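Student: Sharing a structure below in structure tokens format, with a few things to ask.
Protein chains: 2
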Amino acid sequence: MTERKARADAARNREAVLAAADELFARSDSPRGVSMEQVAAAAGVGKGTLFRRFGDRNGLIRAVFAARSEAVRAAVESGPPPLGPGAPARDRVPALLDALLGFKLDNRHLSVALEDAGSGSPYEAEYYGWWHGVVRDALAETDAVPDPAFAAHALLAAVRADLVEHLVAVEGLSGEEVRGRLGEYVGKVLAPGTIGA
Amino acid sequence: MTERKARADAARNREAVLAAADELFARSDSPRGVSMEQVAAAAGVGKGTLFRRFGDRNGLIRAVFAARSEAVRAAVESGPPPLGPGAPARDRVPALLDALLGFKLDNRHLSVALEDAGSGSPYEAEYYGWWHGVVRDALAETDAVPDPAFAAHALLAAVRADLVEHLVAVEGLSGEEVRGRLGEYVGKVLAPGTIGA
DNA sequence: TACAAAGTGGACCGACGGTCCGTATCGTCG
DNA sequence: CGACGATACGGACCGTCGGTCCACTTTGTA
Chain A
1 MTERKARADA ARNREAVLAA ADELFARSDS PRGVSMEQVA AAAGVGKGTL
51 FRRFGDRNGL IRAVFAARSE AVRAAVESGP PPLGPGAPAR DRVPALLDAL
101 LGFKLDNRHL SVALEDAGSG SPYEAEYYGW WHGVVRDALA ETDAVPDPAF
151 AAHALLAAVR ADLVEHLVAV EGLSGEEVRG RLGEYVGKVL APGTIGA
Chain B
1001 MTERKARADA ARNREAVLAA ADELFARSDS PRGVSMEQVA AAAGVGKGTL
1051 FRRFGDRNGL IRAVFAARSE AVRAAVESGP PPLGPGAPAR DRVPALLDAL
1101 LGFKLDNRHL SVALEDAGSG SPYEAEYYGW WHGVVRDALA ETDAVPDPAF
1151 AAHALLAAVR ADLVEHLVAV EGLSGEEVRG RLGEYVGKVL APGTIGA
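The structure is reproduced here in structure tokens:
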């Protein structure tokens, strides 16, 4: 029964890796540009350690991403309205999407890395299911849309990391401009009006 | 000035490669599962030939994709309404998206391969720009939406290959169900109603 | 202090994308 | 028809990367 205490160096290394990876992904232009070996080196850790802790490349990316998104998640789950629970759904849906967009803008490279198909479908990632659930439920409350589950998918697709990246990097929109466009679009989807065919 | 005639074997090989790749991508579950070497072998061709003709893996995928989508493209550019030109924009937008969705349903694996971030952003692919232009212009005619360019991006995002794949393979929807959901959603976006906040 | 569990790191492996170049094939022209 | 140059071929070869493995070190316990 006496359980051994977790080793201190393990935790320290975990943090070091997370920090190093975060840094590297943020710096690099393409997610593919950062190799596991680089991350290991930057963290001052052996490759073996890295794989032991995170399983594979994907696991590492997910872990970094999870750490980064802690704050938004908390804000959505227990923060003040309209982002947090309690606000009228009509206000909350745009707030949710705006928050997610903001996060992707702030963590573009990391998000692209996560959504890279090479890392398995983004739709399998735990974070996606979570967002989808939140948006779907809020959407359902509004009655604005015939199929909240599908609409949630469609709206979330509008803030896909590579699309955001494209809008900013290629089309030259500023973050604020993208937010504005998205807000209008979401407004249109939520607008009262003919439903169905 | 007398130009040499192109060699016959070159053209033949090109077709063989295209066919083999098409076949392999369709069969394989994950695009990553098909290697250039496999394609070369299946086409009865050396690896060097393959890279010479298509530049790199990406080029090959794009070429296969282009060949496959010839038909839809023609239907959109010069086919009968509502898919082809001439139909009222309000009818054409749903038709366009439905056609694109249908294509992705029929060529799921290939589409996933093309949109794989490893193959550069899908937004850089020539085919995306083309679709975006068509949808944007049709959308602009409807006056249903404040920013046709953004709305086109958002609507196209709703039929991203990996999302479609997820809906079918994980959520278990049939192709027809997805079409129905998408149709409703597009209808909502196009519906007359409050614009903006 | 001694001992074992937990953790470490880097050599190693197989696979893959991409290059290179000696060789075979095709079209042309005398 | 024969020979020649351009063109294309193909597979050996290379560098890199994700992932594995295991001899060795560190940590906590008694």
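Residue numbers (my numbering), protein chains in the order written: chain A, 1 to 197; chain B, 1001 to 1197. Note that CB positions come from ideal geometry on N, CA and C, so glycine has one too. Predicted, not measured: the structure shown is a model, and the values here were computed from it.
Taking the straight line between their C-alpha atoms, what separation do you get for Arg-1053(B) and Ala-89(A)?
Tutor: If you take the alpha carbons of Arg-1053(B) and Ala-89(A), they lie about 54 Å apart.
Student: Assuming Pro-31(A) and His-153(A) are in contact, meaning their beta carbons sit under 8 Å apart, how far apart are those beta carbons, in whole angstroms?
Tutor: That belief does not hold up - the Cβ atoms of Pro-31(A) and His-153(A) are roughly 23 Å apart, past 8 Å.
Student: Candidates Ser-35(A), Asp-9(A), Ala-16(A), Thr-142(A): which alpha carbon is nearest Asp-56(A)'s?
Tutor: Nearest C-alpha to Asp-56(A): Ser-35(A).
Student: Relative to the C-alpha of Ala-19(A), which candidate in Gly-118(A), Leu-50(A), Gly-84(A) has its C-alpha closest?
Tutor: Comparing Cα positions, the closest option is Leu-50(A).
Student: With a threshold of 8 Å between beta-carbons, can Glu-1141(B) be considered close to chain A, or not?
Tutor: Closer than 8 Å: no.
Student: Which of the three DSSP states, helix, strand or coil, is assigned to Asn-1107(B)?
Tutor: Of the three classes helix, strand and coil, the one that applies to Asn-1107(B) here is coil, per DSSP.
Student: Tell me which residue opens and which closes the alpha helix (DSSP H) that Leu-1173(B) is part of.
Tutor: Taken as a continuous stretch (DSSP letters only), Leu-1173(B) belongs to no alpha helix (DSSP H), as it is neither H nor E.
Student: Would you mind sorting Ser-78(A) into buried or exposed? The rule is 16 or more other CB atoms within 10 Å of its CB.
Tutor: When all chains shown are included, Ser-78(A) counts as exposed.
Student: Using a Cβ-Cβ cut-off of 6 Å (strictly less than) and excluding sequence neighbours within five positions of Gly-149(A), which residues of its own chain qualify?
Tutor: One point to set straight first is that residue 149(A) is Ala, not Gly, in the sequence displayed. Counting only Cβ-Cβ distances below 6 Å, and skipping sequence neighbours, we find Arg-136.
Student: State yes or no: is the C-beta of Leu-105(A) within less than 8 Å of the C-beta of Gly-175(A)?
Tutor: Contact: yes.
Student: If you measure from the beta carbon of Leu-1060(B) to each beta carbon in chain A, is any gap under 8 Å?
Tutor: Judged by the 8 Å Cβ criterion, Leu-1060(B) is not in contact with chain A.
Student: How would you write the range of the alpha helix (DSSP H) that Tyr-123(A) sits in, first residue to last?
Tutor: Segment: none, Tyr-123(A) is in no alpha helix (DSSP H) and carries neither H nor E.
Student: How long is the line joining the alpha carbons of Val-93(A) and Ala-138(A), rounded to whole angstroms?
Tutor: Cα-Cα distance, rounded: 6 Å.
Student: Tell me the DSSP secondary structure of Asp-116(A) in three-state form.
Tutor: Three-state result, Asp-116(A): coil.
Student: Contact defined as beta carbons within less than 8 Å: I believe Arg-179(A) pairs with Leu-101(A). What is the distance between those atoms, to the nearest angstrom?
Tutor: Yes, they are in contact, since the Cβ atoms of Arg-179(A) and Leu-101(A) sit about 6 Å apart, within 8 Å.
Student: Alpha carbon to alpha carbon, how far is Tyr-1127(B) from Ala-1191(B)? Give it in angstroms, no decimals.
Tutor: Taking the straight line joining both Cα atoms gives about 28 Å.
Student: Cα separation between Lys-188(A) and Gly-59(A)?
Tutor: Rounded to the nearest angstrom, the two C-alpha atoms are 37 Å apart.
Student: Helix, strand or coil: which one does DSSP assign to Pro-1085(B)?
Tutor: Three-state result, Pro-1085(B): coil.
Student: With Pro-1031(B) as the anchor, note down where its alpha helix (DSSP H) starts and where it stops.
Tutor: No alpha helix (DSSP H) contains Pro-1031(B), which DSSP labels as neither H nor E.
Student: Would you report the Cα separation of Leu-1167(B) and Val-1076(B), rounded to the nearest angstrom?
Tutor: Rounded to whole angstroms, Leu-1167(B) to Val-1076(B) spans 25 Å at the Cα level.
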